[in-house]
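Step one of this worksheet: look at the structure below.
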Amino acid sequence: MTDHFGKLTSKDFASDQDIRWCPGCGDYSVLANVQRVMPELGIPRENFVFVSGIGCSSRFPYYMNTYGFHTIHGRAPAFATGIKASRPDLSVWVVTGDGDGLSIGGNHLLHTIRRNIDIQILLFNNRVYGLTKGQYSPTSPIGMRTQSTPDGSIDHPIDPLAFALGAGATFVARTIDVDGPHLQQMLRRAHSHPGTALIEILQNCPVYNDNEWIEVEDRKSRINAALVLEDGEPLLFGSEDQRRGIRLHDGIPTVVELQKGEDPIAAGVAVHNERTQTPAYAFALASLKRPEFPLPIGVFRAVETATYDALLQGQVADAIVKRGAGSLYDLLHSGDTWTVGPS
Amino acid sequence: MTDHFGKLTSKDFASDQDIRWCPGCGDYSVLANVQRVMPELGIPRENFVFVSGIGCSSRFPYYMNTYGFHTIHGRAPAFATGIKASRPDLSVWVVTGDGDGLSIGGNHLLHTIRRNIDIQILLFNNRVYGLTKGQYSPTSPIGMRTQSTPDGSIDHPIDPLAFALGAGATFVARTIDVDGPHLQQMLRRAHSHPGTALIEILQNCPVYNDNEWIEVEDRKSRINAALVLEDGEPLLFGSEDQRRGIRLHDGIPTVVELQKGEDPIAAGVAVHNERTQTPAYAFALASLKRPEFPLPIGVFRAVETATYDALLQGQVADAIVKRGAGSLYDLLHSGDTWTVGPS
Amino acid sequence: MNAMSGKVPAKAVRQIEGVAIRFTGDSGDGMQLTGTKFTEATALAGNELATLPDYPAEIRAPAGTLAGVSGFQIHFSSKSVRTPADHPDVLVAFNPAALRANIDDVRPGGMVIVNSNSFTDKSLKRAGYAEDPRPSLRDRYAMVEIPLTRLNREVLKDLDISMRDADRCKNFFALGLMYWLYHRPMEPTERWLENRFKGDLLEANLRVLRAGHAFGETTELLPVSYIVPKAKIQPGVYRNVTGNTALAWGIVAAGALMQKDVFLGAYPITPASDVLHEVARHRHFGVKTFQAEDEISAISAAIGASFAGVLSVTTTSGPGFVLKQEALGLAVMAELPLVVIDIQRAGPSTGMPTKIEQADLLLALYGRNSDSPMPVIAPLSPGDCFYTVLEAFEWAVKYMTPVVVLSNGHLANSSEPWRIPDIETLSRPRITHWTDAKTFQPYARNPETLARPWAIPGTPGLEHRIGGLAKEQTTGNVSYDPENNEQMIRLRAEKVARIAVDIPPIEIDGPESGELLVVGWGGTFGAITSAVEAARVDGKPVSSIQLRHLNPFPTNLEQILRRFDKILVPELNQGQLVRLLRSEFLVPAIGMNKVRGQPFLIEELRARIDELLSEETSP
Amino acid sequence: MNAMSGKVPAKAVRQIEGVAIRFTGDSGDGMQLTGTKFTEATALAGNELATLPDYPAEIRAPAGTLAGVSGFQIHFSSKSVRTPADHPDVLVAFNPAALRANIDDVRPGGMVIVNSNSFTDKSLKRAGYAEDPRPSLRDRYAMVEIPLTRLNREVLKDLDISMRDADRCKNFFALGLMYWLYHRPMEPTERWLENRFKGDLLEANLRVLRAGHAFGETTELLPVSYIVPKAKIQPGVYRNVTGNTALAWGIVAAGALMQKDVFLGAYPITPASDVLHEVARHRHFGVKTFQAEDEISAISAAIGASFAGVLSVTTTSGPGFVLKQEALGLAVMAELPLVVIDIQRAGPSTGMPTKIEQADLLLALYGRNSDSPMPVIAPLSPGDCFYTVLEAFEWAVKYMTPVVVLSNGHLANSSEPWRIPDIETLSRPRITHWTDAKTFQPYARNPETLARPWAIPGTPGLEHRIGGLAKEQTTGNVSYDPENNEQMIRLRAEKVARIAVDIPPIEIDGPESGELLVVGWGGTFGAITSAVEAARVDGKPVSSIQLRHLNPFPTNLEQILRRFDKILVPELNQGQLVRLLRSEFLVPAIGMNKVRGQPFLIEELRARIDELLSEETSP
Ligand SMILES: Cc1ncc(C[n+]2csc(CCOP(=O)(O)OP(=O)(O)O)c2C)c(N)n1
Ligand SMILES: Cc1ncc(C[n+]2csc(CCOP(=O)(O)OP(=O)(O)O)c2C)c(N)n1
Ligand code: SF4
Ligand code: SF4
Ligand SMILES: [Mg+2]
Ligand SMILES: [Mg+2]
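Protein chains in written order, with the working numbering: chain A, 26 to 368; chain B, 26 to 368; chain C, 272 to 890; chain D, 272 to 890.
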């Protein structure tokens, strides 16, 4: 038992269950980082709820010593909606995979995001169905050969963040399983955002889709392969001597090569602003794809607008103010009634 | 019976069923225009299949004298996928509503669009559930009071086209129930697009949500309220003496007021290009919302890329070329076999 | 009878036991309102009554067509009334389509009141009549042909309202006439009009209502008016409720009584949507409604809310109930309290959504992968819907289980006078959430109920994980142990079986044993009881029971079944309860099945009862 | 027996009737491969055989833990073999965890072969052993302790391969040893290695295989080797098939035989995914597979494909089957041909996805809103899966109906030698699509089968609309007519009932009448038949039938049931078929239910049979 007066540590967030992921799975790193961030959030442990669907990633709640619900395939956001809508005091985290969240569960993700209910969603994107042994997923690239696509997949992949922005997301971010500090920062940011915060976590599945994200996982290649978003900073990437930037003109992103010392803003490079009201800006970032562009990492968008749970709670509070707390007697006697006397 | 040598007329596409929409419903106009366009498409009537889910709009197939399937709520795109994937020779049209297609059916719409299967989807957007008598829908504006939201709805609406672009749509367009010529043009364009073509049809429901689109339905107010997209033309709207344009700089759309005679392009107004590869451009258009911006009408995006049905058919054809048409004998005798002789 | 005060009716007055009237017209003619007002007046007049509204399937079918006909039937009496009656004694038809759609239901020789102005060539054609049907009907019915449109217009000709508005009042002319005919009080309707309208419209409606009444007094078309004496009714305060309103109030009341917030997750579907609508109006009870993106989300959110510690419920109908089954399986595994209300409608598939069936019983019991037992209750009448919901919530929290309530489209929309319960007499189960961290085990069981603890987030030291994978006893950890799995499956089944101790023994209507027992369930109560009682009045040896509790069954059910030679099980399906009784008790129960989208008629039940009783009993 | 040519075994050889061997080790130890190779060699040696693989639930559980243990059991004999055997006679355990997880299953006194090098402190601890279990086991089993790791490394020490690669060969050392022990041919495995590997890896594997064999010849640990004579097997060409492969080939074969393209819509789910995988490999048959976004989309697409005129099928397991029910209801209403394959797994909810149950029968029958009858077939063995699918397609197109096939996780993954059918003997139903526009009516019915015409898009003049709303007879137009609705519901039920004429009478295994009849269904065939036959050998008056056809039942089922005093219905669920039999025929059938995620043991069936036979027969 944890002493609730002392400070919690990451250990306090580890449950007693044996972890059942394959050796080398990216999920381990995510788990460790989540456990590290939780104690910092200033929330009593008993107020955390982790909710998941089905998949390797969805076993996550079992390993967190918080309240947890491992539900059914694809529906975690709906369960989480019920939890948060009825108990806005809880800190609700959804863990889902690219299959769980975007295949069978795409619709719930869509509607959760558009309602902007105040929860955090961690989408583990390994571009494959791990738990069912390696079929392609909605984020898998065209041509991927798997057991279910021996001749190569023919479905165009979904980009989770473009999808989320299309659904009206108020907070989207992307991070990398093995980059602890960045991952932790994204977790903190997601937590502090009022509304649905979606983090796409690029996750390696060494068994069924090894090295899918190696370009950005690897610290060396990352310099050119990733665009690290920093609020208020120009959209720059590349090494010192090969700096490049992103220009967004007429709605079309392009790469601008910068001379040494050249002022990026003067060269037309856009400056990152997470709070840009129009989703068009963040969507333009989400449309940047390898290999033509670097892959943006960080917070794409963080704008504030009313959350579903707060509005719902507000309607209840307003109703009580306006009509008084409900009286069952009044309800049953409302409208036309008549009395039958003893005969 | 129609004479298949004579030219078909719109009458040939009207079935013998009594139409069951309310008087004044926008669906009538859409039906009439669809029946008018069908004979022009050069396809034998028996090769058309209309597929729908459940809703007022989804009764559409009953009124078309083609093959038709009125399926279950929200799943029409999946049925259509099976039809088109197995019979690429058919011309498959989905009719759906904002509830059918974006509420219960959002996931199928998402995946159909991302697969880019070669079908046409007509999404009747009346921003309400008609058939179930007037609850708010996923496209209803915040605050809408309906039977299920007596205190006003608190869900942020989805924009069907932004959603579709987030899903990777290759063709999206928007049109208006009562604008016959434009509607017909959009139908023809959707038909000629290889891949999933989504048309959002702004549709009036006089019974449960009257005049929702009156600003753009009305020819007078439309001049300022709508931005009619024309390929290769600058994004201009407004009356002669109050011309305005849309600028898309740094990923952020803005309205540019033009002086009389001013060159829009010089003023930074973007030029519409349906074939812009990046979806960021069309998404920027889809992000334009009333009243800050005019509502774009027309084809937002029309880019060509491989369709699911063609790729699938191609895999079958390739397999036959490479391995010969399947032999059941060979299949059953493949791998290790042994013979047991008569004892 | 104030409406008539000061005037002595000049015409004959006859006393009758009861009567059934059906108001019919085009959807635009206001038949539902007319019926409702008549019902209110009748309730105040002190009769027993039952009603049945009948809406067209289309939102707005073309005016004047059969598809657009709307109807409202009311049956009232000085004796007990349990159904809206098989056949109306009086048909009021506002147009030819309404006449055509309904005339075959009218009791032979019954009264048929028509608007003679509506019999134009055009409207006859719209209704599909090749010729005017009235001449031939005059032989078979007491035809009362009133130039309603004209009379109505005349009354209003000096008012500054449009012709359309004037014509829309004519239902109140007819209502006034019917008030006269059956000596109903006018004030409640007048009062309602005054609250609802003002200015010329108020004036118009009041005028035509009174004009209709006056027309009755003077017209020679109606030589007699009728008095239906007050019925013996249990004293109390009454109101009309439809089944759907009663369900909604049951939901709100559960929260109020158990002092808990309530969460309702729902996706609109006919005929369940009105429950969502009604509950949504009562946010000040701390009740939250969530219109989900689909049925799966609706139930998932409800289960989430239950995990979070509020009372939770999800409402739907047939196809939506199917979609909820996977999540329901999780609720069984997670052992969380949840109420699922399925308002059955005619299927299969989309079927006839506005029509009546009771064919989701086996779905409720078996619609999930693998054995996942779940209690099922079915209300017997509109008012009983209220108590059923309360009972379902009580079971759900006491036994930590999802509970299914099976209403149907008939109960949903029909109304009955309902004695408002004394709130003090309603049970108020105290909900206790586990708090002691030392002794906490997520799947430890209450030795009596076998319920596991309801331990909710926010409670320090009780952090735990649940889910759909097989669970170890007591700890709830994931377990693939074969022995454990079998025990958990048996424990869950046993838990549901134990609910039987909370079910009162079922009471037999009629002799305790004998030749024939009729066994019904849920919403067919009125028709079955009426038929069986009528048969007994005729000296037939027949009894009946009506099951509210379908799983588990009442403990005395088996003994009762064994006491009768024959068992007849009438159901609005192809035979569901009858299968359960046969397999459970090996009794040769016989099904009587109707799947026409309509309730049972008393006469058809009666006919089958008589037939069975006259058959030779086979060994 | 070429492997031994030139060498006369110097040790004793004993002839036995049969033996069951279980290979067990860590998931990384290659147990499935070892078992498969042994199976192939055994099949070629001419024995009857049955196998059972047992995978860990996790993808890659931590090495050396109980969770990571993988197993493969093979039972082979010179007599008939129907199950993998309750208890292995021989256990091969590669590490302590494998020993611990399996030892309790071994027949008392059986042989236990272990890798003695693996009994390190660390691995004992990982397996959860407090101390080395071997000393205590030596009393109870014939322990054969071989320093497998060391011997294997020695054989390979001069090769240029990593230690890891070397260690990964040790399963072939064991395999070679077992080949020696049971006189299995080595060539098939050698040939397979040569096709699979090259260079040093090939060399390494071949070497250890042969070294294992040679070790058997020389070691004193194994003084005797065993010969299992050839079985009397029906002549023909044989191969091994798992149930899932047979299902997949049945799907491909249906298209080839009916000369139709095939469409398979599926969403991955254990244990059904392999059917999708296998079918996807055969595009050159004109077979299209569609991995959908979920189960609802998978079946919807399949129904669409059926409407479009191809053979269509959807495959899934428990929770996915639940999700398909709403669309299945539409298929019933639309009367389109469709095959739905549910590979049942242990539930409820997510349950134990890799474990075995047969508990979706009532779901298949009743899982939809309102009555929507559907034929159901369940294969009896892995090879029978092939024929079941063909039969399902035949029914589907002949009767224009969805058909459910209920396989299970046991059939899915276990394999049996399967006599490859002579393709000429397989039925090749001719599919005719309606073409005559003059006489076309979408819901006109074939008077014999009651099937409606299959009229497909692209056919001029047959344009028509179908859907889930109630339909008028013959025309198929939307209809709310009560009479029509009842008739359509009855017609659809009657159509399914008529399929019975196509079902051959069920054959009794054992006397035609008597004291006890055991009734099973689907995949429990092997265990039930083995138990019943063994009981008869011991003189017990017991017969059995195994139902493949669950809806409709074979027409002679009732007569058979009535000929026995007692009926026992063993099922891997809480009692499903037993309910159907009791309610349908009012026979006092008794359930025997097991829900442990495991198949029936012959001995437990046997015990229950003996028990029932020794009970006093109650009246
Ligand atoms: C209704 C249902 N359908 C299918 C499955 C099988 N299933 C379990 S997890 C999964 C996909 C998981 O993929 P993803 O979400 O990417 O998780 P990962 O294992 O890759 O972390 C599938 C198809 C299921 N459990 N339930
Ligand atoms: C499974 C299921 N859930 C719910 C319904 C009820 N339902 C039918 S149509 C509809 C919404 C229709 O809205 P929309 O698609 O916008 O169509 P409209 O009527 O506005 O044209 C709903 C909720 C249903 N038929 N099936
Ligand atoms: S299969 Fe892949 S995603 Fe799943 S646990 Fe193993 S490595 Fe991780
Ligand atoms: S309810 Fe609205 S959408 Fe439906 S038919 Fe009537 S007007 Fe049209
Ligand atoms: Mg994944
Ligand atoms: Mg709508």
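Here a beta-carbon is modelled for each residue, glycine too, at the ideal position from N, C-alpha and C.
Cβ of residue i within 9 Å of any chain G Cβ
| i | result |
| --- | --- |
| Val324(B) | Among the protein chains of the structure shown, namely A, B, C and D, there is no chain G. |
For residue i, three-class secondary structure by DSSP
| i | result |
| --- | --- |
| Met457(C) | coil |
| Val59(B) | helix |
| Glu842(C) | strand |
| Gly276(B) | coil |
| Thr164(B) | coil |
| Asn864(D) | strand |
| Ser54(A) | helix |
| Thr258(C) | In the structure displayed, chain C extends from 272 to 890; residue 258(C) sits before or after that span and is not available. |
| Leu127(A) | helix |
Boundaries of the alpha helix (DSSP H) in which residue i is found, first to last residue
| i | result |
| --- | --- |
| Asp343(A) | Tyr333 to Arg348 |
The beta strand (DSSP E) enclosing residue i, as first and last residue numbers
| i | result |
| --- | --- |
| Leu66(B) | Neither: Leu66(B) is in no beta strand (DSSP E) and is coded neither H nor E. |
| Gly342(C) | Val340 to Ser348 |
| Val117(B) | Ser116 to Gly122 |
| Ala222(A) | Ala222 to Leu227 |
Check: residue i C-beta below 8 Å from any heavy atom of ligand 8
| i | result |
| --- | --- |
| Ser544(D) | Only ligand 1, ligand 2, ligand 3, ligand 4, ligand 5 and ligand 6 can be found as ligands here, which leaves ligand 8 out of the picture. |
Exercise. Which residues, taken in chain order from the segment 136-158 of chain B, show a beta carbon closer than 9 Å to some beta carbon of chain C?
Worked result: Tyr154, Gly155, Leu156, Thr157 and Lys158
Problem set entry | Residues from the segment 732-747 of chain D in contact with chain C, defined by Cβ distance under 9 Å | Gly738, Gly739, Leu740 and Ala741
Problem set entry | alpha helix (DSSP H) runs wholly inside the segment 281-314 of chain B, at least 4 long, in chain order | 304-311
Problem set entry | Residues from the segment 98-114 of chain A in contact with chain D, defined by Cβ distance under 8 Å | His98 and Gly99
Exercise. Which residues, in chain order, does the segment 565-579 of chain D contribute to contact with chain B at a C-beta distance below 9 Å?
Worked result: Listed by position, the residues of the segment 565-579 of chain D near chain B (Cβ gap below 9 Å) are Asp565, Ile567, Ser568, Ala569, Ile570, Ser571, Ala572, Ala573, Ile574, Gly575, Ala576, Ser577, Phe578 and Ala579.
For this session: Give, in chain order, every unbroken run of the beta strand (DSSP E) that is at least 3 residues long and sits entirely within the segment 408-439 of chain C.
Result: Within the segment 408-439 of chain C, the complete beta strand (DSSP E) runs of at least 3 residues are 413-417.
Problem set entry | Within the segment 681-727 of chain C, ranges of the beta strand (DSSP E) (whole runs, at least 3 residues) | 686-690
For this session: Compile a chain-ordered list of the residues in the segment 342-356 of chain A whose CB is closer than 7 Å to at least one CB of chain C.
Result: Ala344, Ile345, Arg348, Gly349, Ala350, Gly351, Leu353, Tyr354 and Leu356
Problem set entry | Residues from the segment 48-74 of chain B in contact with chain D, defined by Cβ distance under 9 Å | Pro69, Arg70, Glu71, Asn72, Phe73 and Val74
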